[in-house]
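Enquirer: Structure in structure tokens, see below.
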Amino acid sequence: MIRRSLIVFAILVVGYALYIKFGKPELNTVQHQASGNRISAEQYVFGPEAPDATVIVGSSLSFRIAMDSLPPHTSNLSFGGLTVYDGLELVRRSGKKPKRILVETNMIFKEADRAFLDAVFQPGLYELRKAAPILREENQPTGVLIGYIKRAMKQGGQGPDVAEADSMQMSENLLNTNRGIFAKVPVDSTQERFMATLEREVKALEKNGTEVLFVEVPISAELMASPLATRARESVMEHFPTHTFIRSDRTWRTTDGLHLEWHNAQRYSRWLAQQLRSTP
Amino acid sequence: MLFNSIPFLLLVLPTFVLYYLPLMRGFQLHLIIISSFIFYAYNDPALLTLLLVSISINIAASYAVVFGPQQHRRTYATLGVVANLGILLFFKYGPLFGRSFFPETSSIGQFLVSIPLPVGISFFTFQGISLVVEAYKGKQIEEYDAIVVRGIARHGLRIAAFKAFFPQLVAGPVVTAHEFLPQVRTKYFKDINWNSAFASLVVGYFLKMVIADNLKDQTFWVTFPYFRDMHSITLVVLLFGYSFQIFSDFAGYSLIAIGLAKLFGYDFPTNFNFPYISTTFAEFWRRWHISLSTFLRNFLYIPLGGNRKGGFHTYKNLMLTMVLGGLWHGAAWSYAVWGFFHGLVLALERLLKDAGWKVRLPAAIHMLFIFCMVTLAWLLFKLPEFSHVVEYMRCLFTNTHIANLQPLILFFTILFSIPAIIYHLMHLWTRKPQPLLTRIKPVLYGIMLFLILVNSGGGASFIYFQF
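Structure, rendered in structure tokens:
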């Protein structure tokens, strides 16, 4: 039984590897938030590096930025449920040297997720995934299956696809939760610890010749004026006074006070692209 | 260290090779103990001290019970059980006690709340209790002579291997002394039951890595406050998804443990016997976490009096056993409520049976009813904050107005639940011999291996590690 099982296994592995190499079309294979994070991370880490690469690091706020609005060779390492520090560490551990990095400033007082980074760089598995694309998250059979379904359902690029629709409904409950979160500012020592980490990461990037810009992704006007958002903004301006800090004064519509509603995310992405083009 | 991690593979492979070397035949127990200590200490070496203390207590107590002065046997056994329970109470229930009975500002309360929960403590403590009690019971226990052997060093070695044996150390099955110790002898490579070990490992890893870990990424939404924005249908599907997740996670772990033990020449008892086909609550507990149910029956329910005094006492003993069994799962009152629920339905079922009342409906209806009730109760596991459970129940009925059904969450929750459903249905199908299944088994194992390789969910520790 074992021998025959292993033969079936080998046939499936070879067949699927051939399909991934030669037959798989461009698909959105994201299955859930964590899988989306992992796919973005692996695509960046295992993908080629362009000399004029731009990288966005941030949280789920920047995750909604529409990449097709931004300049070519831009990667988005903004992860739902994670932080700017995860993206920064990912860039550092990947050994890549992007030309420019946009650092989202909204969630700078939140810890990195060690489990996420350890999963991406797990010794042994990291090397295997690098060598064998069938082991990567984006090539999971269930992801490919949903990719085909999404492609069939998407109508000429109008509106968000099924994956995005799941998290794009207006939520009064989440708005209330976010009000509570943004009303509290961490104690000074915690703030300093986070800012020291950010300074260290920025210095390391700049040492490698990377230009670092900061960007505050718009949230609701109410939360923009909240104690946490105000403190985060002030901290960035205090610690990085000479750096470019991209901020929008316009009012944007969100789904929960924090995340941009789909059409507003598209508009904001175009606005951000314009800002980047005008930044020397 | 997780069974599904590279460090575990790097530990188990050399251990396996060395274990069967002819030169090492006299040191197989030593090797098991060393590997098990590395396995346990990998994430937090300090915790090894507690395991060593627990092992020492049980070596001493069980040896004293058998070879100490006969007039003090009962005292040694009592001390052994009390010491085991003391360790469990201090580390597992200290924080709950601190939170429940001391103000936040009290230094005793703060100390109790800060006590860490050592992984696997609930399992290795129960094993210790089984050892001391079975040593005390003497000839009533089958193969009693193998439980405590003469010579403290020899006995100590066997008990250390029994308590620390890595396949069952951190999340069971709760293998009792009389199940493990009679199997201690020199093991030979040629005696390995490869087909059985292979089947256990493949199904176990499939249930854990493909089903449970993928469902985990969907049932994440059964978290406050996110579930409040979910449609009622989505909440129902997620609840059933969690039911299949917890089954796949723990049954998967148990199968991996059973498969690993087989590789080292030990047979562990079955821990999950297709629990979701149960037609009564009593049957469910004969099929779910069987080693724990058996332990609770033998070491709690029967000593409490079991059903010997009949009527009210039986119901009371059932309730008490299940409430304590619930608290064994976790130091939070919601686990006690979960245990109370199961105790209550078991007592009711027993009451109806005693009254000669029988519901005559097709078995499938019974199965569905039991499955739905058990699933509903899992909410107390997923949401340890009781107010959140109440809120979830409210949303189940009131969130019908929400426009978005979250199709992606629905799709994947259903997709990854299907194999767990098929797993149970296949058991029903194979009650009669099915030659077709024998022919397609290699294909099924091949597919499962393939999916373990290419479709595993985000790595996560086993749900039962927290217990």
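If you read the sequences in order, they're chains X and A.
Take the first sequence: its position 87, counted from the start at 1, is 87 in the working numbering, and no numbers get skipped.
Take the second sequence: its position 14, counted from the start at 1, is 294 in the working numbering, and no numbers get skipped.
Ideal Cβ placement from N, Cα and C applies to all residues, glycine included.
Could you tell me whether the Cβ atoms of Val454/A and Phe381/A are closer together than 7 Å?
Expert: No; because the gap between Cβ atoms is not below 7 Å, this pair is not in contact.
Enquirer: Residues of chain X with CB under 9 Å from Gln498/A, in chain order?
Expert: Ordered by position in chain X, the residues that pass the 9 Å Cβ test against Gln498/A are Gln31, His32.
Enquirer: Please go through the stretch 689-724 of chain A and give each complete alpha helix (DSSP H) segment of 4 or more residues, from N-terminal end onward.
Expert: The stretch 689-724 of chain A contains no whole alpha helix (DSSP H) run of 4 or more residues.
Enquirer: What are the residues in the stretch 286-298 of chain A lying within 7 Å of chain X by C-beta distance?
Expert: So the list reads Ile286, given in the order they occur along the chain.
Enquirer: May I have the straight-line CA-CA distance separating Trp271/X from Glu172/X, to the nearest angstrom?
Expert: Each residue's Cα considered, the two are about 27 Å apart.
Enquirer: First and last residue of the beta strand (DSSP E) that includes Phe442/A?
Expert: That residue, Phe442/A, is in no beta strand (DSSP E); its alpha helix (DSSP H) goes 432-444.
Enquirer: What does Met237/X reach in chain A if we use C-beta pairs closer than 9 Å?
Expert: By Cβ distance, chain A contributes nothing, its closest Cβ being about 32 Å from Met237/X, past 9 Å.
Enquirer: To the nearest angstrom, how far is it from the Cα of Ala479/A to the Cα of Ile2/X?
Expert: Rounded to whole angstroms, Ala479/A to Ile2/X spans 9 Å at the Cα level.
Enquirer: Quick one: using the 10 Å Cβ neighbour count with 16 as the cut-off for buried, is Met153/X buried or exposed?
Expert: By the neighbour-count rule (16 or more Cβ atoms within 10 Å), Met153/X is not buried but exposed.
Enquirer: Would you mind stating whether Ser410/A and Ala457/A have Cβ atoms separated by less than 7 Å?
Expert: Yes, these two residues count as a Cβ contact at 7 Å.
Enquirer: Roughly how far, in whole angstroms, is the beta-carbon of Thr83/X from the beta-carbon of Glu111/X, given that I think they are within contact range, below 8 Å?
Expert: Correct: roughly 7 Å between the Cβ atoms.
Enquirer: Using the rule of at least 16 other Cβ atoms within 10 Å of the residue's Cβ for burial, across every protein chain shown, is Phe460/A buried or exposed?
Expert: So Phe460/A counts as buried.
Enquirer: If you follow the alpha helix (DSSP H) that Val281/X is in, where does it begin and where does it stop?
Expert: Coverage of chain X is limited to positions 1 through 280, which leaves residue 281/X absent and any answer about it impossible.
Enquirer: Which residue's Cα is closest to the Cα of Val516/A: Leu291/A, Leu690/A, Phe283/A?
Expert: When only C-alpha atoms are compared, the closest one is Leu690/A.
Enquirer: Quick one: is Glu127/X buried, meaning 16 or more other Cβ sit within 10 Å of its Cβ, or exposed?
Expert: Exposed: under 16 other Cβ atoms inside 10 Å.
Enquirer: Under 7 Å, do Ile491/A and Ala700/A count as touching if we go by C-beta distance?
Expert: Yes, they are a contact pair.
Enquirer: Are Phe446/A and Ser334/A close, meaning C-beta to C-beta below 7 Å?
Expert: No, the Cβ-Cβ distance between Phe446/A and Ser334/A is not below 7 Å.
Enquirer: For Leu632/A and Leu540/A, I'd like the C-alpha separation in whole angstroms.
Expert: Roughly 42 Å separates the two Cα atoms.
Enquirer: Quick check on Asp509/A - is its C-beta less than 7 Å from some C-beta in chain X?
Expert: Interface residue, yes.
Enquirer: I'd like to confirm the pairing. Which residues does DSSP put opposite Ser75/X in its beta bridges?
Expert: BP columns for Ser75/X point to Val55/X.
Enquirer: With DSSP as the reference, label Phe552/A as helix, strand or coil.
Expert: Looking at Phe552/A - three-state DSSP - the assignment turns out to be coil, as it is neither helix nor strand.
Enquirer: Indicate the three-state DSSP secondary structure (helix, strand or coil) for Glu211/X in the structure shown.
Expert: If DSSP states are grouped into helix, strand and coil, Glu211/X belongs with the strands.
Enquirer: Taking the C-alpha atoms as reference points, what is the distance between Leu90/X and Phe22/X?
Expert: Taking the straight line joining both Cα atoms gives about 29 Å.
Enquirer: Excluding five sequence neighbours on each side, which residues of the same chain lie with their C-beta closer than 7 Å to the C-beta of Leu729/A?
Expert: Only Val482 meet the Cβ criterion.
Enquirer: From Asp166/X to Thr710/A, what distance separates their C-alpha atoms?
Expert: With a pLDDT of 45 at Asp166/X, under the threshold of 50, the predicted position of this residue should be treated as unreliable, and no value is reported.
Enquirer: Here's the rule I'm using: 16 or more other beta-carbon atoms within 10 Å means buried, otherwise exposed. How should Ala163/X be labelled?
Expert: Only weak support exists for where Ala163/X lies, its pLDDT of 45 falling under 50; the value from the coordinates is given anyway. Looking at its Cβ environment, which holds 16 or more other Cβ atoms inside 10 Å, Ala163/X is buried.
Enquirer: Quick one: does Phe469/A have its CB under 7 Å from some CB of chain X?
Expert: So no, Phe469/A is outside the interface.
Enquirer: Please list the residues of the stretch 398-414 of chain A that have a C-beta atom closer than 7 Å to any C-beta atom in chain X, keeping them in chain order.
Expert: Those residues of the stretch 398-414 of chain A that come within reach of chain X (Cβ to Cβ, closer than 7 Å) do not exist; the list is empty.
Enquirer: Is Phe9/X helix, strand or coil by DSSP?
Expert: Note: Phe9/X maps to helix in three-state DSSP.
Enquirer: Expressed to the nearest angstrom, what Euclidean distance is found between the alpha-carbon atoms of Val57/X and Phe677/A?
Expert: Taking the straight line joining both Cα atoms gives about 40 Å.
Enquirer: Rounded to whole angstroms, what is the Cα-Cα separation between Leu303/A and Glu206/X?
Expert: For Leu303/A and Glu206/X, the distance between alpha carbons rounds to 58 Å.
Enquirer: Inspect the beta-carbon positions of Lys662/A and Tyr485/A and report whether they are closer than 7 Å.
Expert: Not a contact, by the Cβ cut-off of 7 Å.
Enquirer: Where does Tyr468/A land, buried or exposed, given buried means 16+ other C-beta within 10 angstroms?
Expert: Answer is exposed; the Cβ neighbour count stays below 16.
Enquirer: Assign Arg136/X to buried or exposed, taking buried as 16 or more other Cβ atoms, counted over all protein chains shown, within 10 Å of its Cβ.
Expert: Per the 10 Å Cβ criterion, buried.
Enquirer: Measuring only the C-alpha atoms, how far is Val399/A from Phe530/A?
Expert: C-alpha separation (whole angstroms): 15 Å.
Enquirer: Within 10 angstroms of the Cβ of Pro294/A, are there 16 or more other Cβ atoms? Answer buried if so, exposed if not.
Expert: Pro294/A comes out exposed.
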